[in-house]
Amino acid sequence: MTRPLIQIDDELREMTEEEYEALLATGWTLEGSDDLAH
Amino acid sequence: MAIKTFTTGEVLTASDTNTYLANSGLVYVKQQTVGSAVSSVTVSSAFSTDYDNYRIVISGVTGTVNNDTFLMSMTGSSGSTYKSTSFYLVYNSASYNGVAFATSTSFRIGWTNNSNDMNYALDLLGPFAARPTFFKCDGANSTIVFQNGGEDTSSSSCTGFTLTPSSGTISGGTIYVYGYRKS
Numbered sequence: 065m066t067r068p069l070i071q072i073d074d075e076l077r078e079m080t081e082e083e084y085e086a087l088l089a090t091g092w093t094l095e096g097s098d099d100l101a102h
Numbered sequence: 575m576a577i578k579t580f581t582t583g584e585v586l587t588a589s590d591t592n593t594y595l596a597n598s599g600l601v602y603v604k605q606q607t608v609g610s611a612v613s614s615v616t617v618s619s620a621f622s623t624d625y626d627n628y629r630i631v632i633s634g635v636t637g638t639v640n641n642d643t644f645l646m647s648m649t650g651s652s653g654s655t656y657k658s659t660s661f662y663l664v665y666n667s668a669s670y671n672g673v674a675f676a677t678s679t680s681f682r683i684g685w686t687n688n689s690n691d692m693n694y695a696l697d698l699l700g701p702f703a704a705r706p707t708f709f710k711c712d713g714a715n716s717t718i719v720f721q722n723g724g725e726d727t728s729s730s731s732c733t734g735f736t737l738t739p740s741s742g743t744i745s746g747g748t749i750y751v752y753g754y755r756k757s
């Protein structure tokens, strides 16, 4: 699977494996859930 | 020179003009266009000793997920020190809803939206000073109107910030940073 893009100021690049693992560790998912009652 | 009253026929000098341009209440610091399908966007070198408090306006951003939280973490403060809460109103409903978030590693500044623009006007108080930082954010989208607020209890001095949707990606729009003039 292609890792998501990350933007730092004007630089856009694909996340490194370490950055992607850190993002997933926060509970981030690509699909998410439509739920205001977080 | 905070205030000066000009009289009829008086010459407006370059000095006065430059002074009053610099003495506006909100002073533009920088802006950042959001790219396409990014999972986060970092705005660096936004805060300094020039201003104590800032207004950040985010408009025209579109998410891929509806009604998930939109996060802001401060550059230089990475611990689980961020407290946030949210109140929101759904259009055509009298219910006033509150959401309490667990302390985490980022502010919950608002909500994502996938069918209309995500819009936020956020005041950030004391991000560069070595003391806790506070925020208050008003926002609206096609579904709700909301107000979020919170405190980062860390005393770290922060120079920038990163915006991240709790899920999905964001595209487009612009982030504007303004400083509140001190004197």
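Here the protein sequences come in this chain order: S and P. Here the first sequence is numbered in the working numbering, starting from 65 and rising by one per residue. Here the second sequence is numbered in the working numbering, starting from 575 and rising by one per residue. Glycine included, each C-beta is placed from N, C-alpha and C at the ideal position.
Asked: Alpha carbon to alpha carbon, what distance is there between L94 of chain S and Y84 of chain S?; Found: 12 Å
Asked: With DSSP as the reference, label N715 of chain P as helix, strand or coil.; Found: coil
Asked: Nearest-angstrom Cα distance between G650 of chain P and L595 of chain P?; Found: 32 Å
Asked: Between N780 of chain P and D99 of chain S, what straight-line distance do the alpha-carbon atoms span, to the nearest angstrom?; Found: Because chain P in this structure spans residues 575 to 757, residue 780 of chain P falls outside the shown range and cannot be described.
Asked: Taking 6 Å as the limit between beta carbons, can you name the residues of its chain near K710 of chain P, skipping five residues before and five after?; Found: D697, G723
Asked: Output the boundary residues of the alpha helix (DSSP H) element that contains T607 of chain P.; Found: Where T607 of chain P is concerned, there is no enclosing alpha helix (DSSP H), although the beta strand (DSSP E) it sits in stretches over 600-607.
Asked: Going by C-alpha to C-alpha distance, which of P:S589, P:T607, P:E584, P:V601 sits closest to I744 of chain P?; Found: P:T607
Asked: When burial is assigned at 16 or more other CB atoms within 10 Å of the CB, is F644 of chain P buried or exposed?; Found: buried
Asked: Near G583 of chain P, what residues of its chain come up, given a Cβ to Cβ distance below 6 Å and the 5 sequence neighbours on each side ignored?; Found: none
Asked: Count Cβ pairs between the segment 658-673 of chain P and the segment 596-616 of chain P that sit closer than 8 Å; are there 3 or more?; Found: no
Asked: Closer than 8 Å by beta-carbon distance: list the chain P residues that pair up with E78 of chain S, in chain order.; Found: Going along chain P, no residue has its Cβ under 8 Å from E78 of chain S, so there is no contact; the nearest lies around 10 Å.
Asked: In chain order, what residues of the same chain lie with their CB nearer than 7 Å to the CB of D624 of chain P, ignoring the 5 residues before and after it?; Found: G753
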